[in-house]
Structure formats: C-alpha cells, structure tokens
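Note that the numbering used here numbers the sequence shown so that position 35 is 23, with each residue one more than the last.
Built from N, CA and C at the ideal position, the CB exists for glycine as well.
Source: prediction; values computed, not measured.
Beneath this line is the structure, given in structure tokens, with notes to follow.
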Amino acid sequence: MGGQLIPPVMGAAAFIMAETLGVPYSTVALAAAIPGVLYFVAVGVMVHFEAARQGLPVLARSELPKLRTVLTRDAHLLLGPALL
C-alpha cells in the first residue's frame, strides 16, 4: 500500500497527474514525498505502540547483531532499492 505513495513507485497516477496538471513529474514526486514519509512514520509509530501494548520484549544493545555483519550478509537485499 505505502509504495503507491512514495516516488518513484507511485504508479501511473503520478504520470497522469503530471500530464493533466501540466507540471513536470519531479514536481509531483516532490509533492508526494511528504505524505508518503508521513505514512511510513505513522505505520512505524503504530507498530511501536502495538508492540508495547502486547508487552513484547525489547532487545538489549548487546543482543543486537553488529551492523557490519548484517550488511555483509544481507547486502544483496539493498540492490533493488538502489536500482530504483
């Protein structure tokens, strides 16, 4: 759902809006970035509060994996977003 709100994955709606309004696509994409970011922030806040309500435990910093380890193991997952 959220991918339809954020450029460049906004779907055909962004191109139709740009053509109808007579403005460049970049203007439409920039205008859509603010509500898109707000959407994902709201989802993150909701997940946080729901986890707190359910009493899910928080991992201690010592239990978290090292960033370098995660990036070297899962770097291929960044390939798709990097290409967009």
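Taking only the alpha-carbon atoms, compute the straight-line gap between residue i and residue j and give it to the nearest angstrom.
i, j, result
"PRO12", "VAL35", "35 Å"
"PHE37", "PHE28", "14 Å"
"ARG72", "ALA39", "The residue asked about is misnamed: residue 72 is Leu in this sequence, not Arg. Roughly 31 Å separates the two Cα atoms."
"GLY74", "MET5", "The requested residue 74 is not part of the displayed model; the chain covers only -11 to 72."
"LEU55", "GLY32", "21 Å"
Going by DSSP in three states, residue i sits in which element: helix, strand or coil?
i, result
"PRO23", "helix"
"VAL55", "The sequence given here places Leu at residue 55; Val does not occur at that position. In the structure shown, LEU55 sits in a helix (DSSP, three-state: H, G or I)."
"ILE4", "helix"
"GLY10", "coil"
"ALA30", "helix"
"ALA63", "helix"
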